[in-house]
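Read the structure below first, then the notes.
Number of protein chains: 2
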Amino acid sequence: MTNYKPKGRLTAKEYIDGILKGDRVILSRGITIVESNLESDKKLAKEIIQAILPHSGNSIRIGITGVPGVGKSTFIEAFGKYLIGQGHKVGILSIDPSSQRSKGSILGDKTRMEELANMEDAYIRPSATGDTLGGVANKTGESMLLCEAAGYDIILIETVGVGQSETAVHGMTDFFLLLMLSGAGDELQGIKKGIMEMADMVVINKADGDNIKKSEMARRQYQNALHIFPLSESGWSPVVTTASAIKNIGIDTVWEEISKYKKQVDENGYFIKNRNHQQIKWMYNNINEELKQLFYGSKNIADHLSDLEKDIISSKISPVEAAQNIIQEFKNSI
Amino acid sequence: MTNYKPKGRLTAKEYIDGILKGDRVILSRGITIVESNLESDKKLAKEIIQAILPHSGNSIRIGITGVPGVGKSTFIEAFGKYLIGQGHKVGILSIDPSSQRSKGSILGDKTRMEELANMEDAYIRPSATGDTLGGVANKTGESMLLCEAAGYDIILIETVGVGQSETAVHGMTDFFLLLMLSGAGDELQGIKKGIMEMADMVVINKADGDNIKKSEMARRQYQNALHIFPLSESGWSPVVTTASAIKNIGIDTVWEEISKYKKQVDENGYFIKNRNHQQIKWMYNNINEELKQLFYGSKNIADHLSDLEKDIISSKISPVEAAQNIIQEFKNSI
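Protein chains in written order, with this note's numbering: chain X, 1 to 334; chain Y, 1 to 334.
As structure tokens, then:
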């Protein structure tokens, strides 16, 4: 282990020891290193991750998604408090696709989970930023490993249900929870195709007051719809329940279902199989991203591609031949 | 245009003229060239495709899928005969994932569509074979262009609803039709997740005799289920109907719905937008396949990858670092 120490940085050993002791301040500083794009930080991050790796993984990783307005923050606040009440330590991260451009974050505003943020056994980290979804996902994934090494045994990873980030979250979690509202149909227009099919559980939120009846109807509709879809490899049939995060109703049921799921996938071997599969896939996703970067990152290639697109649209060249030409150009250039 | 003529081959001009005149024998021989892996044939294929490209595209491309036993051949026979009765020329191709290994073909057995196969205005071509799905899809896609140039104004592309080939078919067609059976739920276990969401239309086949009531129930269930899923960019709400291909019931309705769809997407501009998008994507799919081939095709890389997979599973290395290492190795080798 090297002993260099750039300004404002601890040594690798200090980060590692601090994280393994569960020191929240050091955990935060460690995640900052993981998120950093400085070359010296990247080296440091490698050492930290390498060392904490064998201490990671002892958690249930839960992905939570839903369109804006569905009450994700309120739900996570209620759910997090419930889990802490049950003796758990809860780490809360997010993948925010918008952070790629705006450098903003859906979780930046910690005040939306004020009570939870102040609890000893909760750790909330705003979304990492980056140029690509792949980069952001790597940072969130590695931050998750750090949280686990620091003793957080439940990790909640939040995202907005409107883009590709759900696939990233689904790819790094054990259980995928979709928050919805009643008024079946309309509100789903904001949810991208395919997200429903990833859900292990759908929770109809805001099921309180005048909404109770409508929510129960929506619950039945979604339950029927999900039933005609094929079973996932986990052998688990997705459950649909109603809840009111703001009134703290139905939150315990969510945890009961997740516990049932965990028991089932532990017994049938899917839990570990899926974890291994996710780890391997994480590597391949990175490789494939890098390969594309090698190719598409070249200015010549980019210019040529936009010409080829025009020629394809005007039937001057076939897509297959266009691809062959540009790959040949790439091979000649390397 | 070159004038070379390997044994048993026509000149490029002869293929081109024959195809544009609608000569079925020459069309068949042209498709053989497109499917061939001989270097001299590949050059010839390029010339043919380049020349017929401006004459392609004037068709409705319909993807048809469903698990084995759903009655695809019977349906295509009934549907094809109906379309010819309406004055159309129908080309029938398939993408068969199993042909990658067995070199067999679901459509090889033309006798299953005996009447249709003997009609002047139908052209049935068994599935191309190849080592990769991408390669098979290229061949089917280019064969489709040749059929269009030969005057076939409706192209049916068949596949089995159990693998990745549906995405390939969906990516090269204008309308995607899923054949199902009644007995909602169970039979869907054979259909891969995500295929339902691609469907523009679901047809419950074998809705005859004792099956009529069950089929109508299934129709309503699927219709409800599809309604709570988000609308596709085409603005089209998927329709569910019942049909009996063997009794020739409901076949006209299928065509009516496709015609309605065509009218709608012509008017809202989605038809041409989607076609352009598919062409461009076809190029990028080929590029990305080639890039992967460059990388994964190397024996050193393959050996190293399998070691890295083991190290990741045993927490010896993080997926991100593993990817960085092997990409570095690749860069050093080129």
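We treat Cβ as the ideally placed atom computed from N, Cα and C, and that holds for glycine.
Predicted model, so just to flag it, every value in this text is computed and none were measured.
Contact between S244 of chain X and K206 of chain X holds: CB atoms are separated by about 6 Å, below the 8 Å threshold.
The Cβ of W282 of chain X sits closer than 8 Å to at least one Cβ of chain Y.
Taking a beta-carbon distance threshold of 8 Å, I19 of chain X does not count as an interface residue toward chain Y. Between L133 of chain Y and A168 of chain Y a beta carbon distance of about 6 Å is seen, short of the 8 Å cut, so the two are scored as contacting.
Between the alpha carbons of K43 of chain Y and Q223 of chain X lies a distance of about 55 Å.
Between L20 of chain Y and I52 of chain Y, the CB-CB gap stays under 8 Å. For G30 of chain X, no chain Y residue has a Cβ inside 8 Å of its Cβ, as the nearest lies near 14 Å away. For G8 of chain Y, the closest alpha carbon among the candidates Y:D23, Y:S40, Y:R24 and Y:K263 is that of Y:S40. Among the residues facing chain Y, F271 of chain X is not included, as its CB has no counterpart in that chain under 8 Å away. A direct Cα-to-Cα measurement between M201 of chain X and E256 of chain Y gives close to 38 Å. Scanning chain X for C-beta atoms nearer than 8 Å to the C-beta of K292 of chain Y yields N288 and L291, reported in chain order. In the three-state DSSP reduction, A122 of chain Y falls in the strand class (E or B). The residue from X:S165, X:M196, X:H304 and X:R220 with its alpha-carbon nearest to that of S182 of chain X is X:R220. Between E158 of chain Y and I76 of chain Y, the beta carbon gap of about 6 Å places them in contact (Cβ cut-off 8 Å). With the rule of 3 Cβ pairs closer than 8 Å, the stretch 77 to 84 of chain Y counts as touching the stretch 114 to 127 of chain Y. Here DSSP, grouped into helix, strand and coil, assigns L93 of chain X to strand. Around L116 of chain Y, no beta-carbon contact reaches into chain X at under 7 Å, the shortest distance being about 29 Å. For I154 of chain X, the enclosing beta strand (DSSP E) begins and ends at I154 to V160.
F176 of chain Y is positioned such that its CB atom lies no closer than 8 Å to that of G85 of chain Y. The three-state secondary structure of M144 of chain Y, taken from DSSP, is helix.
Of the other Cβ atoms in all chains shown, 16 or more fall within 10 Å of the Cβ of N286 of chain X; this residue is therefore buried.
For P319 of chain Y, the residues of chain X that pass the 7 Å Cβ criterion are Q279, W282, M283 and N286, in the order they occur in the chain.
The bridge partners DSSP lists for I60 of chain Y are Y:I154. The beta-bridge partner set that DSSP reports for S244 of chain X consists of X:I249. By the Cβ-count criterion, P319 of chain Y is buried, with 16 or more other Cβ atoms from all chains shown falling within 10 Å of its own Cβ.
The beta carbon of A323 of chain X sits closer than 8 Å to some beta carbon of chain Y.
One Cα belongs to E148 of chain Y, the other to A137 of chain X, and the distance between them is close to 44 Å. Counting along the chain, the unbroken alpha helix (DSSP H) around I16 of chain X starts and ends at A12 to K21. By the CB criterion at 8 Å, V254 of chain X and I154 of chain X fall outside the cutoff.
The beta carbon of K247 of chain Y sits closer than 6 Å to those of D208, all from its chain and outside the five residues before and after it, given in chain order.
Put simply, the CB of P54 of chain Y is near chain X, with a gap under 8 Å to one of its CB atoms. Rounded to whole angstroms, the gap between the alpha carbons of G30 of chain Y and K292 of chain X is 34 Å. Taking C-beta separations shorter than 7 Å and ignoring five residues to either side along the sequence, the partners of E115 of chain Y in its chain run E77 and K81, following chain order. Contact between I228 of chain Y and A199 of chain X does not hold, since the beta-carbon distance rounds to 13 Å and is not under 8 Å. Chain order gives no chain X residues near F79 of chain Y, where near means a beta carbon separation below 8 Å; the closest approach is about 25 Å. The beta carbon of G151 of chain X sits closer than 8 Å to those of G22 and K89, all from its chain and outside the five residues before and after it, given in chain order.
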